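K.L.:
Numbering (the numbering used here), first residue to last: 30 to 350. The structure under discussion is supplied below as structure tokens; questions concerning it will follow.
Below, the structure is given as structure tokens:
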């Protein structure tokens with residue numbers, strides 16, 4: 030029973046149209062699912078991923094138009110990384126960000142890899158990381174974009190960084206409950222703080238890591254637009270999902286119990302520093318109600334919401350994308 034890596038990362042947006050423009054036109058990702066927040070059907074839920082909607086490639090966004098701006102801090106998923114093939118790709122992206130007026134830093138090393146940090150229009154903290162031939166969990170299939178050569182395309186998710194006041198309780202959950210292994214560390218990039226610890230699962234590599242940052246000086250994050258709501262880890266199938274439900278209960282970790290999201294099965298819980306984790310199955314996938322060729326083309330609703338389609342569509346604001 031082993032988690033395969035990062036499944037998806039879910040973020041909050043207050044401006045879905047600009048969000049769509051940034052992630053599809055600037056970053057060249059594919060809109061693979063346009064649906065609603067199943068817990069609040071007045072809100073859109075947008076999924077961006079690779080050409081086939083593979084697990085481990087998608088960023089998702091909850092659209093909450095009146096949401097305020099967040100305040101970064103501890104107990105947060107403070108950055109999310111996206112995979113590109115080579116350091117040469119980072120140079121391409123740095124030049125593209127300059128041309129597009131995208132807020133970004135320079136290319137630097139993190140955890141032995143070349144990286145390029147940048148922010149979207151709502152301050153979401155993102156990092157491009159170069160694979161440079163590294164082995165480990167495979168990336169996805171590039172989505173074709175007129176302005177982005179396929180060799181420089183984003184091919185999936187990389188590590189997430191968790192920022193906490195005290196890393197010990199979070200590290201214990203990662204290793205003892207979820208089966209991650211500590212594989213190294215690298216210097217803090219923000220001052221005289223402890224080294225950032227690197228934890229890995231499954232086949233390892235960029236798409237299977239969590240980086241744990243200790244920042245005892247920070248107040249707790251105030252979540253708002255641009256903030257990360259949760260990170261989901263990959264469970265290969267329903268059989269192992271059932272075992273994870275049993276495992277969390279054995280450890281007496283309060284959790285959501287089984288939640289069927291139609292495209293995957295989900296299990297939610299908060300680790301001791303209050304960061305929301307999700308365990309999500311790779312199956313059945315996003316092509317259950319749309320063909321791979323037509324992903325993201327229409328408003329998709331899971332079967333249990335389909336009888337309410339007319340009511341749901343009437344309450345949703347028009348989305349001009």
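Just so you know, even glycine gets a beta-carbon here, dropped at the ideal spot from N, CA and C. All values derive from a computational prediction rather than experimental measurement.
Using a Cβ-Cβ cut-off of 6 Å (strictly less than) and excluding sequence neighbours within five positions of residue 37, which residues of its own chain qualify?
P.N.:
87, 89, 261
K.L.:
Relative to the alpha-carbon of residue 173, which residue among 302, 207, 345, 59 has its alpha-carbon at the smallest distance?
P.N.:
59
K.L.:
Can you grab the Cα-Cα spacing for the pair residue 44 / residue 147, in whole Å?
P.N.:
18 Å
K.L.:
Starting from residue 228, follow the beta strand (DSSP E) in both directions and report where the run begins and ends.
P.N.:
225-229
K.L.:
Under 8 Å between the Cβ atoms of residue 156 and residue 108?
P.N.:
yes
K.L.:
For residue 306, which option in 313, 295, 315, 316 has the closest C-alpha, if you only look at C-alpha atoms?
P.N.:
295
K.L.:
Quick one: residues in its chain with C-beta nearer than 7 Å to the C-beta of residue 196, no 5 flanking neighbours on either side, listed in chain order?
P.N.:
226, 241, 243
K.L.:
With distances taken between CB atoms, is the gap from residue 183 to residue 113 smaller than 8 Å?
P.N.:
yes
K.L.:
Quick one: give me the first and last residue of the beta strand (DSSP E) that residue 193 is part of.
P.N.:
First-last of the beta strand (DSSP E) with residue 193: 186-193.
K.L.:
For residue 308 and residue 203, I'd like the C-alpha separation in whole angstroms.
P.N.:
12 Å
K.L.:
What is the DSSP secondary structure of residue 244, counted as helix, strand or coil?
P.N.:
Coil.
K.L.:
Assuming residue 118 contacts residue 193 under a Cβ cut-off of 8 Å, what Cβ separation, rounded to an integer in Å, is found between them?
P.N.:
Not really, about 31 Å apart at Cβ, beyond 8 Å.
K.L.:
Given this structure, state the Cα-to-Cα distance separating residue 120 from residue 84, to the nearest angstrom.
P.N.:
27 Å
K.L.:
Please go through the segment 120-202 and give each complete beta strand (DSSP E) segment of 3 or more residues, from N-terminal end onward.
P.N.:
133-139, 142-148, 154-159, 186-193
K.L.:
With DSSP as the reference, label residue 271 as helix, strand or coil.
P.N.:
helix
K.L.:
Give me whichever residues DSSP pairs with residue 211 in a beta bridge.
P.N.:
228
K.L.:
Below 8 Å between beta carbons: does that hold for residue 293 and residue 82?
P.N.:
No; because the gap between Cβ atoms is not below 8 Å, this pair is not in contact.
K.L.:
Would you kindly report the start and end of the unbroken alpha helix (DSSP H) that includes residue 341?
P.N.:
338-344
K.L.:
Thinking residue 230 and residue 301 are a contact (beta carbons under 8 Å), I'd like their distance in whole angstroms, please.
P.N.:
The pair is not a contact, with the Cβ atoms about 19 Å apart (cut-off 8 Å).
K.L.:
Given a cut-off of 8 Å, decide if residue 236 and residue 165 are closer than it, judged by their beta-carbon atoms.
P.N.:
yes
K.L.:
Can you say whether residue 62 is buried or exposed, counting buried as having 16 or more other CB atoms within 10 angstroms of its CB?
P.N.:
buried
K.L.:
Given residue 311, which residues of its chain have a CB within under 8 Å of its CB, disregarding the five upstream and five downstream residues?
P.N.:
33, 36, 84, 263, 264, 265, 266, 293
K.L.:
Could you spell out the range, first to last residue, of the beta strand (DSSP E) harbouring residue 307?
P.N.:
Run containing residue 307: 305-313, per the beta strand (DSSP E) assignment.
K.L.:
Could you pull out every unbroken beta strand (DSSP E) segment of at least 3 residues lying fully inside the segment 32-72, listed in chain order?
P.N.:
35-42, 59-66
K.L.:
Beta strand (DSSP E) containing residue 259: first to last residue?
P.N.:
257-264
K.L.:
Suppose the cutoff is 6 Å on Cβ atoms and the five residues either side in sequence are ignored; what does the same chain contact list for residue 52 look like?
P.N.:
58, 77
K.L.:
Taking the beta strand (DSSP E) that residue 295 falls in, what are its first and last residues?
P.N.:
293-299
K.L.:
Determine the DSSP secondary structure at residue 238, reduced to helix, strand or coil.
P.N.:
Residue 238: strand per DSSP, three-state reduction.
K.L.:
Pop quiz: residue 29 and residue 280 are said to be a contact at Cβ under 8 Å. What is the actual Cβ separation, rounded to whole angstroms?
P.N.:
In the structure as shown, the chain starts at 30 and stops at 350, and residue 29 therefore has no counterpart that could be examined.
K.L.:
Quick one: give me the first and last residue of the beta strand (DSSP E) that residue 91 is part of.
P.N.:
87-92
K.L.:
Using a Cβ-Cβ cutoff of less than 7 Å, which residues in the same chain neighbour residue 284 once the five nearest sequence positions on both sides are dropped?
P.N.:
277, 296, 297, 298
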